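For any residue, its number in the working numbering is found by taking its place in the first sequence, counting from 1, and adding 1042.
Idealized CB from N, CA, C, for every residue including glycine.
Computed from a predicted model, the values in this text were never measured in an experiment.
The structure appears below as structure tokens.
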Amino acid sequence: MLEKRETKARREGLPELTNASKGEVVLRFAPNPNGPLSFGHARGLVINNRYREMYDGVFILRFDDTDTKVKPPLLEAYDQIVEEATWLTGRAPDRVVVASDRMEHYYEHAQRMLDEGFGYVCRCSADAFKEHRIGQTNCPCRSQSIADNQALWKSMLKGSFKPGEVVVRVKTDMTLKNPALRDWPALRLQDTKSHPHPRPEIGSTYVVWPLLDFQSAVEDHLQGVTHIIRGKDLMDSTRKQTLLYEHFGWTYPETVYWGRVKVHEWGGFSTSQMRKDIEDGRYDGWNDPRLPTLAGLRDRGIKAEALRDFWIELGVTQKDISVPLATLYSHNTKAVDAGAPRLSFVREPIAFSLVGEHPSSLELAVHPNDDAMGIRAWNLKEGKVWLESEDLDHMDLRLKEFADVALNDTNAEVQGLSRSDQRPIVHWLPAINSQEAVLLETKNNELIRHRGQLEQHNHPTGTVVQLERIGYAMVLDSETLVLCHEESETP
RNA sequence: GCUGGUAUAGUGUAGUGGCCCAUCAUGAAGGACUCUCAUUCCUUCGACCCGGGUUCAAAUCCCGGUACCAGCACCA
């Protein structure tokens, strides 16, 4: 009976990792620091970290910064990524590894590859080699002697070749079924004179640089990585690297893949494109609320907890998926509501004078479900109040928590304090308790500025409040707020 | 073209031969509560890509389609 119920129960959280035992799991996540972290990176961080938690393992953050031209690293990104990862996972990475600091290790292994004859220096052009790959024929360089390879390698290191002229390949088999695996390139040359590495301590020091598949494979072994969780676009990487591991006599880590994720509301944002757009001034910075970056999300009030719940819920299936932001927002609402002080914000305010008998002050709850959060005191002596112009299509309104009123030109006549009928309830604000403010809203990649009157408060910058009848918003400064969850575009 | 991968409600997800006329979340619609278009609670809607086969029994195994995605870069 009991067993039946257990097997029927829905699996919670992530599935078990194969071949994993507590205390012996080493995981890593390796972004390219060519910009700060994006929404998609959060998946790698969250999933890897949850597994670290489950198995009491080690989590490594690694910077794969081995390309200085196509995807040049951004110097500021290194620190920012560590900081963002810490924010997201609630914990600093156990280890931070920077590939560009580990070049000697990669050289050492390249050397060994040539010495032991499972790698060679190839002087074919990219096009020429492509022919060999398609035709399943060996290129002439493949049969060079070990001594020739060693000599060529020395010349490479000395800088006797130009980028594009020579490359180090892993000897696999040119007749392999999968063309992607045939004698794949492991290291190449980069012109670091005209494209220096942005880290000053690296700069133009090296001309020979490892490619991802080689660098990553060697580094995973050096760091003792046991499980790799990566996108399925890297499935062939696994196969290439497994071939290399066989040559070295190593055992390849267990791998798990996830599919592609698209967000309905965001098209294809690439880090390189965002970087360009920011430089061109189309966005204010990496934390612009319109951008799908971690910084952008954080700075408009999306909590790390919501991001974590979101990604754990999606799990690690290999399906390519497309998710609406509404799902993330629903997680964020859960994370934020109980602690969000309520505030009144009147957009496009119209002034009215309160006439008739009424109390001179009013006390409102900071949070309707939590008395402990205190009260808000409003002063009604002056009598000037703000109403939202959109609410004025009715002349009889109920001012929330206060009174039934009848509107005429400029007066709001108090008809009674208790609710007497089903007239609409609207939010409002005494002028004396309010100040001018702007509410930012992202919509269709635009930034809309709603001007209005905001209830005075002393919540610090970064507080997520709830603007009654509008939505959750984060305090940016004394007169600016940003809406956390923009309205859905497809109702 | 070659190679590999994936297909469960609108969107995600659970499910590894009988507990499944299929789980949970989200969404939509309705309702309760509430002096917010919030929160909370309740109800309803809605799916196993198609066609064969194996089996007493298939979402689950096999075969064949179809669709979508990825790799075949001196990017990561």
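If you look at residue 1082, you'll find it in the alpha helix (DSSP H) that goes 1081-1097.
DSSP, reduced to helix, strand and coil, places residue 1299 within a strand of the structure shown. Residue 1316: not part of any beta strand (DSSP E); member of the alpha helix (DSSP H) spanning 1313-1321, first to last residue. Excluding sequence positions up to five before and after residue 1467, its CB lies within less than 7 Å of the CB of 1440, 1442, all in the same chain and listed in chain order. The closest CA to that of residue 1085, considering only 1259, 1181, 1130, 1451, is found on 1130. Residue 1052 carries a coil assignment under DSSP once its states are collapsed to helix, strand and coil. Residue 1108 sits away from residue 1227, with the two beta carbons spaced by 8 Å or more.
Proximity of the stretch 1165-1174 to the stretch 1135-1142 falls short of the contact definition, fewer than three beta-carbon pairs being nearer than 8 Å.
For residue 1498, the CB contacts under 6 Å within the same chain, skipping 5 residues up- and downstream, are 1475, 1477 in chain order.
Sixteen is the threshold: since fewer than 16 other Cβ atoms of the shown chains lie within 10 Å of the Cβ of residue 1437, the residue is exposed. Counting along the chain, no alpha helix (DSSP H) covers residue 1488; the unbroken beta strand (DSSP E) around it starts and ends at 1488-1497. Rounded to whole angstroms, residue 1306 and residue 1370 show a C-alpha spacing of 12 Å.
If you compare the alpha carbons of 1258, 1268, 1528, 1203 with that of residue 1491, the shortest gap goes to 1528. Sequence-distant partners of residue 1284 (beyond 5 residues in either direction) whose C-beta falls short of 7 Å from its own C-beta, in its chain, are 1294. The closest CA to that of residue 1469, considering only 1134, 1335, 1406, 1489, is found on 1406. If you keep only unbroken beta strand (DSSP E) runs of at least 3 residues inside the stretch 1440-1496, you get 1445-1449, 1453-1458, 1470-1472, 1476-1485.
For residue 1146, the number of other beta carbons within 10 angstroms of its own is below 16, and it is reported as exposed. The C-beta of residue 1337 has 16 or more other C-beta atoms within 10 Å across all chains shown, which makes the residue buried.
Its Cα nearest to that of residue 1390, the residue 1427 stands out among 1053, 1308, 1427.
The residue among 1060, 1078, 1063 with its C-alpha nearest the C-alpha of residue 1330 is 1078. In the three-state reduction of the DSSP assignment, residue 1308 falls in the coil class.
DSSP, read as helix, strand or coil, puts residue 1259 in helix. 8 Å or more divides the Cβ of residue 1350 from the Cβ of residue 1100. A buried status is given to residue 1106, since no fewer than 16 other beta-carbon atoms sit within 10 Å of its beta-carbon. The stretch 1202-1277 is shown to contain whole alpha helix (DSSP H) runs of 4 or more residues at 1254-1265, in chain order. Across the set 1117, 1515, 1246, the C-alpha of 1515 shows the shortest separation from the C-alpha of residue 1381. Judged by their CB atoms, residue 1280 and residue 1297 are nearer to each other than the 8 Å cut-off. Within the same chain, 1429, 1431 come within 6 Å of residue 1392 by CB-CB distance, once the 5 residues on both sides are set aside. Of the other Cβ atoms in all chains shown, fewer than 16 fall within 10 Å of the Cβ of residue 1488; this residue is therefore exposed.
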